[in-house]
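Here is the structure we will look at.
In full-length UniProt numbering, the protein residues as written are 1 to 785.
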């Protein structure tokens, strides 16, 4: 039929089934169909426009029959500007009155989705007759699923009093109603290809909600048996006038342009409604919010948190909201001066509690599907400190800064159902690592002590989310996140000098601390995450620091290994599934941390000389130098890191700015060896004592590896719809430490009892240490595997 069921609420794209029609023409089913007796299948594409689009694809498949009868299957796909769906069923047609007319009936079951995303089922029953002059048809449309479904609920006429929000709650429902129609048509005299029709329809079938009666007229001009042009108009008091014009294209109809006889029309297109009539109704009732609202205005005198007498501090409101027997309470924070410098000191990290929503002024927020404007000014308040979200939380309309605090993260969330909306998060710095403690010097009673290792610099985060699902981050900027530097490793203590053959080793040095990472947004162990209109910029990871130096001893202490540079990453997902990124941009400078240098190995004492005498003693060996510590690796700079990620959807991701890897640290030098001690002189005629062997030089430490720079560390995940405009700078590997020099063998002792003194043998020389190996170079690429 030509009339519409409803005025459009909003348009949806019309489905075009031309591809289906074209595909079937390559091997027409009419050539291979073996059922249905003499009757062949027919396919029809109906395209109609006017007050909204209507496209139908209809197929008729004969199942059995003879020259006068046919049982057939009929199916259709339909798309209009307000719903989509389809139907499938059976029908029967019979030729009567000496091949003058065809009569028939059918029953079909349809399923349709409306603009409101509701699904309805409908049974269509129809009867029809048509011939070369007259034709007519009647239909009954019966919804068979639940007829009333929810559309939306919203609040109107809102006002605050005390801790409550008052207003009118309006709920919209969509109703499906049955209907019926009947029409009769006749060939226009003198124009055999043109037929005119008049019809009546009813929607509602006497239902008390809607009972709509309407009429329509339409024309069909059959250009040939494959193309029919249509024109029609209908009117009722509910939707007014509806005009439509269209074309119907058939495959499977007889060839030619002459008017068809009844038997030639046996598989004709069945003119009927291919949608379901629905309408909406609203139910309104006054309400008071079940949640409580606690208000903060920052005034010198604190009230009771009502709209009329707000609290002075955010902490007071949070405490009240979490002490309330109600759940899902709101805390509303005003910027009373309407100035960007209006701040609230959170006193460190503030746990807002489960089920609490923290809302700032200066922007809208949503309550019960209703947008509520700012209650006080157009500027957002600024929170100084950090927020902890345990779950079921929302934070909207704030500047959040760590400037002047010791906090290293703007927002930390450790629960599900998190919404972060319209936020600016900036200036968070990780704490520097603590330097290691130097080892104590050796003494008569104690060996030299080892130096302790330094601690790592703390990582810094704009947003840190763990073990969470259903996360929305919308219209959020994160900038100026700085990781802490690692501490310096403690030096090894120096040993007391050797006494005779008793040796005292130098203390080993402690390792340098690693630099802290700088993360814009980091999420691990989660699912169902959406980022929309998010910008991340200016991250600086912490530097690794040097390892301590080995202590001096008979054997030198080992130098400490250096700390690695921290990584700078704009956006990171680790073990997260179902991610959607929309309009995400990572720009500015992302600088990874530089690595520290390896500590030098401790030098060695010379060997003690042998004692003179009738039986002189040999010189003692020189000590070996300590090995140098390894240099640290440069940090990695990357726009996005994806690790163990599944179901990733990227609609728009831009990478801009400069991503610079950290430099590598050189290896520490090996310690120099001690020389061998001189052999003792012989007071007699025999040769003196043997000189001590020289010590071996320490090995140089290996150089650190250069840092890498990537647009995306993908971990194998798809990275389509990404714009790469970033400048990537990788760094080279650092040189290894130099080798320690070998000790020289001690001289042999002399003899004093002859006129021709003879000396003892000299000690052997030590060997030089091995130089450290150089580190490998870092790499730079838009995407790493």
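Note that beta-carbon positions come from the ideal geometry of N, C-alpha and C, so glycine has one too. Just so you know, these numbers come straight off a predicted model, no measurement behind them.
Under the DSSP definition of a beta bridge, residue 655 partners with 586 and 724. Per the C-alpha coordinates, the member of 632, 154, 179 and 138 positioned closest to residue 169 is 154. A direct Cα-Cα distance of roughly 11 Å separates residue 408 from residue 516. Counted as a single uninterrupted DSSP element, the alpha helix (DSSP H) harbouring residue 316 occupies residues 314–323. Around the Cβ of residue 279, a 10 Å sphere holds 16 or more other Cβ atoms; the residue is buried. With fewer than three CB-CB distances shorter than 8 Å, the segment 186–201 does not count as touching the segment 326–345. DSSP, reduced to helix, strand and coil, places residue 264 within a helical segment of the structure shown.
Where residue 182 is concerned, the enclosing beta strand (DSSP E) starts and stops at 179–188.
Under the DSSP assignment, residue 161 falls in the beta strand (DSSP E) whose first and last residues are 148–161. In this structure, DSSP gives residue 414 a state outside helix and strand, which the three-state scheme calls coil.
The Cβ neighbour count for residue 660, taken over all protein chains shown within 10 Å, is at least 16; the residue is labelled buried.
Rounded to whole angstroms, residue 677 and residue 622 show a C-alpha spacing of 7 Å. DSSP places residue 296 inside the beta strand (DSSP E), whose first and last residues are 293–296.
When rounded, the separation of the alpha-carbon atoms in residue 574 and residue 468 is 12 Å. Relative to residue 234, the option among 381, 212 and 512 whose CA is nearest is 212. Spatial neighbours of residue 405 in its own chain (CB-CB distance under 8 Å, excluding positions within 5 residues in sequence) are listed in chain order as 348, 384, 385 and 386.
Cβ neighbours of residue 159 within its own chain (closer than 8 Å, five residues either side excluded): 165, 166 and 167. Residue burial is scored here from C-beta neighbours: residue 272 has at least 16 other C-beta atoms within 10 angstroms and is therefore classed as buried.
Between residue 605 and residue 495, the gap from beta carbon to beta carbon is short of 9 Å. Collapsing the DSSP output to three states places residue 143 in a strand. The distance from the Cβ of residue 603 to that of residue 559 is about 11 Å, inconsistent with a contact at the 8 Å cut-off. About 5 Å separates the beta carbons of residue 432 and residue 484, which is inside the 8 Å limit, making them a contact pair.
The three-state secondary structure of residue 368, taken from DSSP, is coil.
Residue 645 carries a strand assignment under DSSP once its states are collapsed to helix, strand and coil. When secondary structure is reduced to three states using DSSP, residue 528 falls in the strand class. Residue 282 is classed as exposed because its beta carbon has fewer than 16 other beta carbons within 10 Å across all chains shown. Cβ-Cβ distances below 7 Å link residue 593 to 483, 515, 541, 542, 543, 544, 565, 566, 635 and 662 in the same chain, with the five nearest sequence neighbours on each side left out; the list follows chain order. Taking all protein chains shown into account, residue 109 has fewer than 16 neighbouring C-beta atoms within 10 Å of its C-beta and is therefore exposed.
Within a 10 Å sphere around the beta-carbon of residue 730 sit 16 or more other beta-carbons, which makes this residue buried. Per DSSP, the beta bridge partners of residue 78 are 56 and 85. DSSP, reduced to helix, strand and coil, places residue 660 within a strand of the structure shown. In terms of CA proximity to residue 98, 263 leads the group 497, 263, 393 and 288. Annotated three-state conformation of residue 117 is coil, per DSSP. The bridge partners DSSP lists for residue 221 are 194 and 229. Sorting 510, 189 and 464 by C-alpha distance to the C-alpha of residue 486 places 510 at the top.
Just measuring C-alpha positions, the residue of 713, 709 and 699 sitting nearest residue 773 is 699.
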